[in-house]
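Residue numbers for the sequence shown follow the working numbering, so the first one is 4 and each next one is one higher.
What follows is a set of notes on a single structure, which appears directly below.
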Amino acid sequence: MTDTAKSMILNFAHMITNYGFVPNGGRIYYLRRSQPPLFAPMVYEYYQATKDKELIREMLPVIEKEYNFWTSNRSLPITVNGEKMSMFQYRTPSTVPRLVHFSIYIIHLLLNLSKY
4 MTDTAKSMIL NFAHMITNYG FVPNGGRIYY LRRSQPPLFA PMVYEYYQAT KDKELIREML
64 PVIEKEYNFW TSNRSLPITV NGEKMSMFQY RTPSTVPRLV HFSIYIIHLL LNLSKY
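What follows is the structure in C-alpha cells.
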C-alpha cells in the first residue's frame, strides 16, 4: 500500500507544482476550488511508515509552495484573546454558481420564479 500512497503523493505534488494547490477535481472548472491543505500531513504519514528521507527532501519545496498558496489566497487575520493570528479559510473566491451545477440552478430559478 505504500507504493500507492507514494504515487498519490507524487500526483498531488504535480498538481501543487502546476497550480499551487490540489484542485477539487480533474476538470478545468475545479481550478477555482481546492482540496483542504493536507499534503504536508500526507507526506509526514508516509514518512512515518517508510522512513523515506529522499521523498521528504523532494517534497519540502512542494509543501512550501502549497503553504504559500494558503497563506496568500486563503488566509484570514483573526484575533483570539487579544492575540493576532491567521486562519485558513476553506472556500472559493467565486461568487457565481459552480459551472457543473449551473443548469440545476437555472431550472430551479425558472420553476420557482413566482416566489422571487
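Built from N, CA and C at the ideal position, the CB exists for glycine as well.
Every value quoted in this text rests on a predicted model; they were computed, and no experiment measured them.
* DSSP beta-bridge partners of Thr82 -> DSSP output for Thr82 lists Lys87 as bridge partner(s).
* Give the DSSP bridge partners of Ser130, in chain order. => This structure does not reach residue 130, given that the chain is present from 4 up to 119, and the question cannot be answered.
* Asked: Pairing CB atoms from the segment 55-65 with CB atoms from the segment 83-97, are three or more of them under 8 Å?
  -> No, because fewer than three Cβ pairs between the segment 55-65 and the segment 83-97 fall closer than 8 Å, the two stretches do not touch.
* Asked: Would you say Phe42 and Phe72 are within 7 Å of each other, going by their C-beta atoms?
  -> With a cutoff of 7 Å on beta-carbon distance, Phe42 and Phe72 are scored as not near each other.
* Cβ pair Pro122, Tyr33 closer than 7 Å -> This structure cannot speak to residue 122, because the chain is shown only from 4 to 119.
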